[in-house]
Each structure stands twice: as C-alpha cells, then as structure tokens.
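Visitor: Residues 21 to 141 (my numbering) make up the sequence shown, in order.
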Amino acid sequence: EGPNIGLINSLAVYARTNSYGFLETPYRKVANSKVTDKVDYLSAIEEGGHVIAQANSPLDKNGGFIEDFVSCRFRGESELRPASEVDYMDVSPMQTVSVAAALVPFLEHDDANRALMGSNM
C-alpha cells in the first residue's frame, strides 16, 4: 500500500479551520455545573487546559449533570471528575470522526483496520 497507509485526509464532522489555519472543534460551555447553549470553538492547544465532558453524559431537563462525577477528558487523559469542575461538553459523540467514518455502523465496536477500510470506501 505504501508509506501513507492509514493516512486519512478528511476533517472530523464539526471541525473547521480558523484564520491561522489551525483546526477547531465546537464545545458547549458549562457554567455552574449546567450545560448552556453557548458554543465555543477551541483548537487542540486551547482545549488542553479545560475539563471536557462527553457528549452522552446524562443531563436533567435544566441542563445540569445528573451524576456527581462525570466521565471527561483533561490534557488528553480520560478520567472521572466532579461535575463542578467541568468547563465544556462535547457537542456530539460523533464529532471525533469524519462524515465517512460516522456512516460505519457500530464503529466503536469494530476492529480498527476494518473501520479504516470501511471509511475509505
């Protein structure tokens, strides 16, 4: 296949480029442990300093976290944090994959090589 096997040149679902050419992705702002409708676009450098909850974290009807501890990521590591420490929340569980990869059913349960082949077709 060559040296570029596994190289994918497609943007993630909600990604955009900023005026400097860096990729940004949207996050919903969290204030006082409640998820707001305000959306901020952050680059990888900017998101490194924030605690970001998963998009599928359960919320009540007012946008507050139901659980006391929330599954989130901080500086690239997945961890459980108190809801009061969360700064942002992912917009969608599919925002880390491309449009083509999002069409592969049960992508998270698929072998990586099969998922890559399926998204390239």
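For every residue, glycine included, the Cβ atom is placed at its ideal position computed from N, Cα and C. All values reported here derive from a predicted model rather than from experimental measurement.
What's the C-alpha gap between Ser-53 and Arg-95?
Guide: As a first step, residue 53 must be located in the sequence shown, where it is residue number 33. As a first step, residue 95 must be located in the sequence shown, where it is residue number 75. Using only the alpha carbons, I get a separation of about 20 Å.
Visitor: Going along the chain, which unbroken runs of the beta strand (DSSP E) with 3 or more residues stay wholly within the stretch 43-71?
Guide: As far as the stretch 43-71 is concerned, its whole beta strand (DSSP E) runs of at least 3 residues are 43-51 and 54-63.
Visitor: Out of curiosity, what's the CA-to-CA distance linking Arg-48 and Tyr-34?
Guide: Along the sequence shown, one-based indexing puts residue 48 at 28. Along the sequence shown, one-based indexing puts residue 34 at 14. Going from the Cα of Arg-48 to the Cα of Tyr-34 covers about 13 Å.
Visitor: Starting from the C-beta of Ile-86, find all residues in its chain whose C-beta is less than 6 Å away, skip the five residues before and the five after it, and write them out in chain order.
Guide: Working through the sequence shown from its first residue, we reach residue 86 at position 66. Contacts found: Pro-78 and Asp-80.
Visitor: On the three-state DSSP scale, how would you describe Ala-103?
Guide: Translated into positions along the sequence shown, residue 103 becomes position 83. Helix, per DSSP.
Visitor: Buried or exposed: which applies to Thr-37, given that a residue is buried once 16 or more other Cβ atoms fall within 10 Å of its Cβ?
Guide: To locate residue 37, count along the sequence shown from 1; it is residue 17. Answer is exposed; the Cβ neighbour count stays below 16.
Visitor: Report the option in Lys-58, Val-59 and His-70 whose CA atom is closest to the CA atom of Glu-105.
Guide: Numbered from its first residue, the sequence shown carries residue 105 at position 85. Closest option to Glu-105, Cα to Cα, is His-70.
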